[in-house]
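A.B. asks: Mind looking over this structure? Questions follow.
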Amino acid sequence: GSQPQVSANGRLRLAVRDDVLGHAIALEPDLLVLSEAVVPAEGSRELAELLKFSCTLEGFFLEAHVKLQP
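In terms of the working numbering, the sequence shown opens at residue -10 and continues consecutively.
Written out as structure tokens, the structure reads:
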């Protein structure tokens, strides 16, 4: 989908395209909270290879499967 757009003209307005509904929607929230992206630490892929851990495509460690390694 497209990037959300935020405009402030006395009232906060958030416009975003909803891919499920198939059209643009506009919201006027009382509060908009922004957060930083979560990224894996540098060297995590190398550490995973060294310790023979599995990683996600993004580079985060995968947990051991409960039924395979109790």
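Glycine is no exception: its CB is placed at the ideal position from the N, C-alpha and C atoms.
Whole-angstrom Cβ separation of R6 and A15, contact assumed at under 8 Å?
C.D. replies: So it is not a contact: roughly 11 Å between Cβ atoms.
A.B. asks: Can you name, in chain order, every residue of its own chain whose Cβ lies under 6 Å from the Cβ of S33, other than the five neighbours on each side?
C.D. replies: Excluding positions up to five away in sequence, the list reads G48.
A.B. asks: Please classify A37: does DSSP put it in a helix, a strand, or coil?
C.D. replies: Here A37 sits in helix by DSSP.
A.B. asks: For the beta strand (DSSP E) containing V5, list its first residue and its last residue.
C.D. replies: Start and end: 1 to 7.
A.B. asks: Under DSSP, the beta strand (DSSP E) around A26 begins and ends at which residues?
C.D. replies: No beta strand (DSSP E) holds A26; DSSP gives it neither H nor E.
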